[in-house]
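Structure first, then comments.
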Amino acid sequence: MQTALQVVFHGMDHSDALEQRIFEEFKKLEKFHQSITDCRVTIEAPHRHHRKGKLYDIAINLDVPGGGLTARTGGSNNPAHADPGIALRDVFQTITRQLKELSERQNAHRA
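All the letters of the sequence shown, read from the start, carry residue numbers 55 to 165 under the numbering used here.
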């Protein structure tokens, strides 16, 4: 299935390297769950916060039949998220776990 992938950068310049990494991670998701109909990845540049430092906020919104899934790094207070690559890795791990749980529930329901 051909899925629409949209990558949006807020408060920062476009990054070909980050966009390529998102594309590669998304292809892994598609192989795992072929029913993804839409995906939007938003990368927001860090803002100065007193307690958190400069942390990237990355969100993934996936549409699948029967609903949608969302994963986000915002609010994690993980100092490693000052590196957008690490924040991206973590948010894709979260959405992969959610997608796996959804697949398991759907398969159990069919059985």
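Idealized CB from N, CA, C, for every residue including glycine.
In the DSSP assignment, find the unbroken alpha helix (DSSP H) run with G139 in it and report its ends. As a position in the sequence shown, residue 139 is number 85, starting the count at 1. Segment P138 to R164, the alpha helix (DSSP H) holding G139.
Apart from the five residues just before and just after I76, which ones in its own chain have a Cβ nearer than 6 Å to its Cβ? For the purposes of this step, residue 76 is identified with residue 22 of the sequence shown, where counting begins at 1. For I76, where only same-chain residues beyond five positions count, the Cβ hits under 6 Å are V61 and V95.
Taking Cβ positions, are E149 and A134 nearer each other than 8 Å? Within the sequence shown, numbered from 1, the residue matching residue 149 stands at position 95. Within the sequence shown, numbered from 1, the residue matching residue 134 stands at position 80. Position check: residue 149 holds Ile in this sequence, whereas Glu was assumed. Contact flag unset, no.
E98 classed as buried or exposed, judged by whether at least 16 other C-beta atoms fall within 10 angstroms: On the sequence shown, residue 98 is found 44 positions in, with the first residue counted as 1. Counting every other CB atom within 10 Å of its CB across the protein chains shown gives E98 a total of 16 or more, marking it as buried.
Below 8 Å between beta carbons: does that hold for V118 and I90? If you number the sequence shown from 1, residue 118 lands on position 64. If you number the sequence shown from 1, residue 90 lands on position 36. In contact: V118 and I90 (Cβ atoms closer than 8 Å).
What does a CB cutoff of less than 8 Å around A136 pick up in its chain, not counting 5 residues either side in sequence? Here residue 136 refers to the residue found at position 82 when the sequence shown is read from its first residue. Hits under 8 Å: P100, G107, K108, L109 and Y110.
Measuring straight from C-alpha to C-alpha, what distance separates G120 and F80? Taking the sequence shown and counting its residues from 1, one reaches residue 120 at position 66. Taking the sequence shown and counting its residues from 1, one reaches residue 80 at position 26. Rounded to the nearest angstrom, the two C-alpha atoms are 20 Å apart.
Would you mind listing the alpha helix (DSSP H) stretches within the segment 70-115 that are 4+ residues and don't spill past its ends, in chain order? Listed in chain order, the complete alpha helix (DSSP H) runs (minimum 4 residues) inside the segment 70-115 are 70-86.
If you compare alpha carbons, which of G122, P138, S130 and F86 is closest to H68? Position 14 of the sequence shown holds residue 68. The shortest C-alpha separation from H68 is found at P138.
Kindly indicate which three-state DSSP category H64 falls into: helix, strand or coil? For this step, residue 64 is matched to residue 10 along the sequence shown. Assignment of H64 by DSSP, reduced to helix, strand and coil, places it in the strand class.
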